[in-house]
């Protein structure tokens, strides 16, 4: 089994402004998906969400408040899974709820040090 | 109570107390010495009571005899004289004539004994056997019956476990916070497994199952009675045990068949135990900790709550959290069942088939159940696989009945 990183990206601006009920429903969808991976014994680390604010430090010493002015999408969070192949890992990502909000999942094999 | 019944009954309740108190009061190097004295005490009770009748307070009588036998042991046993010096001096014993069999000291000694027995150096199975023998006063035969194992196997397992205990030289004299922390997790796990051994036991003997469950409850209760071990996790575990125990009578039919929760006669559920479960669950939820025991207890709570439209949604979310904390095939399968309850059988089948637990009875009986209204052929196929895998005669009967029903339905077209 190889390990893979799922990187979740979406545009914060286009994310739906959800009511508390919708938020709860979204959380449930997310949990159903992650737990579905765990139920196959393929979850390594459920990972975390990222706050929407952050800094980007560049080589010239300039600090900007995040990459959002330059690119539309930003990283919302990450999860670690294990799978036999990139194809299998990609299949696990298929039902990720972020896809229904116009976001995407990048699937990368971990090259362990 | 007749004498014939009284001695076995007292043996169950008092033997482990005497062993625990002796072991901790006298720092006896070897557990076996405490056990020998306790056994001799009961032997003497059998002799004397058959002639003179049962004393007014049998427990107090036993404590006095145990105390005198311990004194004799220190006085006359030259072989262990060296150990006596290492242990408490004889004078100390006589200086403290009130041999402390107070409720408080019994509870403290038993608590310390629980921590001694649940040595993570021993396998979980061995820890359970030791707990049953030392903490619950079970005979080797009773343990063998509970595990459906030969006495010889249990004997060997206990011998190895005891050797490890001796070599480990772990002994809690006074419970300190640091020592408790290092072992509490292992203690809770052993008590959890002891309970499950009773609750999910392969044996059809309902008495053995109840005994195991009630002993696990008793020992966990001791944990919640001491401020050092009265943790949210211990309360969650006790809540779980109360909820599960409340259904013990309802989940087995008169002929020993397991009855699914949905089909159980709710009048047989023990309301008092459900109340206790609620009580400990509330205590468990003080603080932010959500352990595996919390989730299990909350699941058991929802299972005893028949009337909530979102019941299965709640149950699914709890299984989601549980499977993320700790993977187990059983949790994965239970989760798939809850998934089917929320999203329907077709989606449930998709979710279940991803699990690929081809060697598990429940994987096939679950798929059989989910396919039953959708595809009789596939349902029969999975039920037949389950029949081939199960070791339980009663489960075989139940599954075969379903196969017959589906085959007839299929033929009728």
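Residue numbers (my numbering), protein chains in the order written: chain A, 1 to 113; chain B, 1001 to 1413. Heads up, the beta-carbon is just placed ideally off N, CA and C, and yes, glycines get one too. Given the structure is predicted, the values throughout are model-derived calculations rather than measurements.
Could you name the residues of chain B that residue i contacts, counting a contact when the two beta carbons are closer than 9 Å?
i: residue 43/A; result: 1323, 1324 and 1327
i: residue 28/A; result: 1313, 1316, 1317 and 1320
Go ahead and pull the three-state DSSP assignment for residue i.
i: residue 73/A; result: coil
i: residue 1247/B; result: coil
i: residue 1074/B; result: helix
i: residue 1091/B; result: Any reading at residue 1091/B must be qualified, since the residue scores a pLDDT of 48, below 50, and its modelled position is unreliable; the value itself is stated next. Looking at residue 1091/B - three-state DSSP - the assignment turns out to be helix.
i: residue 1292/B; result: helix
i: residue 1145/B; result: helix
i: residue 83/A; result: strand
i: residue 1252/B; result: strand
i: residue 98/A; result: helix
i: residue 1357/B; result: coil
i: residue 1373/B; result: coil
i: residue 1400/B; result: helix
i: residue 1001/B; result: Interpretation of residue 1001/B is limited by its pLDDT of 48, a score under 50 that renders its predicted location unreliable; the figure taken from the coordinates is listed afterwards. Looking at residue 1001/B - three-state DSSP - the assignment turns out to be coil, as it is neither helix nor strand.
i: residue 1263/B; result: helix
i: residue 1151/B; result: helix
i: residue 1056/B; result: coil
i: residue 19/A; result: coil
i: residue 1326/B; result: coil
i: residue 1030/B; result: coil
i: residue 1181/B; result: helix
i: residue 1456/B; result: Nothing in the structure corresponds to residue 1456/B, since chain B is present only between 1001 and 1413.
i: residue 1306/B; result: coil
i: residue 1190/B; result: helix
i: residue 1017/B; result: helix
i: residue 1242/B; result: helix
i: residue 1390/B; result: coil
i: residue 1277/B; result: helix
i: residue 1344/B; result: coil
i: residue 1368/B; result: helix
i: residue 1050/B; result: helix
i: residue 28/A; result: helix
i: residue 1039/B; result: helix
i: residue 1287/B; result: coil
i: residue 1025/B; result: helix
Can you pull the chain A residues whose beta carbon is under 7 Å from the beta carbon of residue i, in chain order?
i: residue 1320/B; result: 31, 32 and 35
i: residue 1332/B; result: 39
Going by DSSP, name the residue or residues bridged to residue i.
i: residue 10/A; result: 74/A
i: residue 1318/B; result: For residue 1318/B, which the question treats as bridged, DSSP gives no partner whatsoever.
i: residue 48/A; result: 78/A
i: residue 104/A; result: 9/A
i: residue 3/A; result: 82/A
i: residue 1227/B; result: Residue 1227/B is not bridged to any residue.
i: residue 56/A; result: 64/A
i: residue 109/A; result: 4/A
i: residue 43/A; result: 81/A
So with CB distances below 7 Å, who are the chain B contacts of residue i?
i: residue 40/A; result: 1354 and 1355
i: residue 46/A; result: 1324
Run down chain A in chain order and give the residues with a C-beta less than 9 Å from the C-beta of residue i.
i: residue 1157/B; result: The premise fails here: residue 1157/B is roughly 30 Å from chain A at the closest Cβ pair, so nothing lies under 9 Å.
Give the interface partners of residue i over in chain A, defined as CB-CB distance under 8 Å, in chain order.
i: residue 1336/B; result: 39
i: residue 1197/B; result: In chain order: nothing, as chain A lies at least about 25 Å away.
i: residue 1351/B; result: 36 and 39
(message) Runs of 4 residues minimum, wholly inside the region 1197–1225 of chain B: which ones carry the alpha helix (DSSP H) assignment?
(response) Scanning the region 1197–1225 of chain B from its first residue to its last, the whole alpha helix (DSSP H) runs of 4-plus residues come out as 1206–1225.
(request) Write down every uninterrupted run of the alpha helix (DSSP H) in the region 1096–1146 of chain B whose length is 4 residues or greater and which is fully enclosed by it, in chain order. (result) Counting whole runs of 4 or more residues, the region 1096–1146 of chain B contains the alpha helix (DSSP H) stretches 1103–1117 and 1124–1130.
(request) Specify whether the region 1238–1255 of chain B and the region 1308–1326 of chain B touch according to this definition: at least 3 beta carbon pairs, one from each stretch, less than 8 Å apart. (result) Not touching, per the Cβ criterion.
(request) Check whether the region 1225–1244 of chain B touches the region 1270–1280 of chain B, counting contact only when three or more Cβ pairs, one atom from each stretch, lie closer than 8 Å. (result) Flag = yes, the region 1225–1244 of chain B and the region 1270–1280 of chain B touch.
(message) With three or more C-beta pairs closer than 8 Å as the rule, is the region 1111–1122 of chain B touching the region 99–112 of chain A?
(response) Because the criterion of three Cβ pairs below 8 Å is not met, the region 99–112 of chain A and the region 1111–1122 of chain B do not touch.
(message) Taking contact to mean 3 or more Cβ pairs, one atom from each stretch, closer than 8 Å, check whether the region 70–80 of chain A and the region 45–52 of chain A are in contact.
(response) Because the criterion of three Cβ pairs below 8 Å is met, the region 70–80 of chain A and the region 45–52 of chain A touch.
(message) Assess contact between the region 1001–1020 of chain B and the region 1053–1062 of chain B, defined as three or more Cβ pairs (one per stretch) separated by less than 8 Å. Is contact present?
(response) The answer is yes - the region 1053–1062 of chain B touches the region 1001–1020 of chain B, with three or more Cβ pairs under 8 Å.
(message) Quick check: the region 1218–1232 of chain B against the region 1097–1112 of chain B, are at least 3 beta-carbon pairs closer than 8 Å?
(response) Result yes; three or more Cβ-Cβ pairs closer than 8 Å.
(request) Determine contact between the region 1140–1152 of chain B and the region 1197–1215 of chain B, defined as no fewer than three beta-carbon pairs at a distance below 8 Å. (result) In short, these stretches touch, since the Cβ pair count reaches three.
(request) Pair every Cβ in the region 1359–1377 of chain B with every Cβ in the region 1330–1341 of chain B, then say whether three or more of these pairs are closer than 8 Å. (result) Yes: the two stretches touch, three or more of their Cβ pairs being nearer than 8 Å.
(request) Indicate whether the contact test is met: 3 or more Cβ pairs, each with one atom in the region 1155–1166 of chain B and one in the region 1184–1201 of chain B, closer than 8 Å. (result) Result no; under three Cβ-Cβ pairs closer than 8 Å.
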